[in-house]
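Residue numbers (my numbering): 1 to 269.
These notes concern the structure reproduced below.
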Ligand code: SF4
């Protein structure tokens, strides 16, 4: 006798976690809107100095990557549009993201970040070497204060201001983010400015960057500060692997505690 499979019955808690049809449509719209932001990013030429620099680096190259066809354009963000963890970096590296075309990919900073994400369950593999290497982020979205590699890793205030609208739009669309990890002071300050510009009241006194600092914002979001995993910090052991992993352990702990809510109530234009 062929028996019909019994319909699966959800536990009440599981049902409560399921998105409604309206929520699913909204999430689908958010995915498309996020994809549109990235399309605009990779064609952006707002900053003349950075446009010149990224293209020059992509043409001149360095000896060890002379066989590569560099990306040489602004870098799109990467990850899960439904992510609860948002990571904000500074900018792509000249011979890292600017070469590979993917954020935190193909350089030592990317090695450090990807290892940490893998250890704490936010990535499916511990390495990030090139587009198409199989990397998938889980419950995690990576973006940056600046989408183009700046000379000497030093953007001007005007360049940061020019690029921030892309972040503002992403924040309005990443509706499930609960925890933000800011990598370095510039990313930290950029995120606070973006919060202010989206109407989030900042705590007083205003949070100041310090490695390991944690701030609860008025929209329910938690901001974690870490030194950037640049070689300048890791080779000097200003940032150790243990220090870096502690930040992501804390992010995982926070996410295991809290589930609900919308952070950025209105999408900035
Ligand atoms: S840094 Fe941002 S605003 Fe400036 S050119 Fe690159 S993508 Fe455009």
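We put the CB at the ideal spot given by N, CA and C, even for glycine.
All values reported here derive from a predicted model rather than from experimental measurement.
| Asked | Found |
| --- | --- |
| Could you check whether the Cβ of residue 148 sits closer than 8 Å to any heavy atom belonging to the ligand SF4? | yes |
| Sort out for me which residues DSSP pairs residue 200 with in a bridge. | The partner list for residue 200 (beta bridge, DSSP) is empty, contrary to what the question assumes. |
| Short of 7 Å in beta carbon distance, which residues of its chain neighbour residue 270, apart from the five on each side in sequence? Order them along the chain. | The first residue shown for the chain is 1 and the last is 269, placing residue 270 beyond what the model contains. |
| From residue 218 to residue 52, what does the alpha carbon distance come to, in whole angstroms? | 40 Å |
| Roughly how many whole angstroms lie between the Cα atoms of residue 242 and residue 185? | 20 Å |
| Counting only beta-carbon separations shorter than 9 Å, does residue 183 have a partner in chain D? | Structure shown: chain D not included; a single protein chain is present. |
| Residues in its own chain within less than 7 Å of residue 84 by CB, not counting five upstream and five downstream? | 139, 176, 177, 178, 179 and 255 |
| Between the Cα of residue 231 and those of 96, 199, 31 and 126, spot the shortest distance and give me the residue it belongs to. | 96 |
| Please report the distance separating the alpha-carbon of residue 181 from that of residue 46. | 27 Å |
| For the ligand SF4, any of its heavy atoms closer than 8 Å to the Cβ of residue 41? | yes |
| Relative to the C-alpha of residue 69, which residue among 164, 55, 90 and 137 is closest? | 55 |
| Inspect the beta-carbon positions of residue 81 and residue 30 and report whether they are closer than 9 Å. | yes |
| Among 38, 132, 91 and 66, which one has its Cα closest to the Cα of residue 229? | 91 |
| Can you give the beta carbon distance from residue 125 to residue 132, rounded, assuming they're within the 8 Å contact cut? | The Cβ separation is near 13 Å, so there is no contact. |
| Once the 5 residues before and after residue 87 are set aside, which same chain residues still bring their CB inside 6 Å of it? | 142 and 181 |
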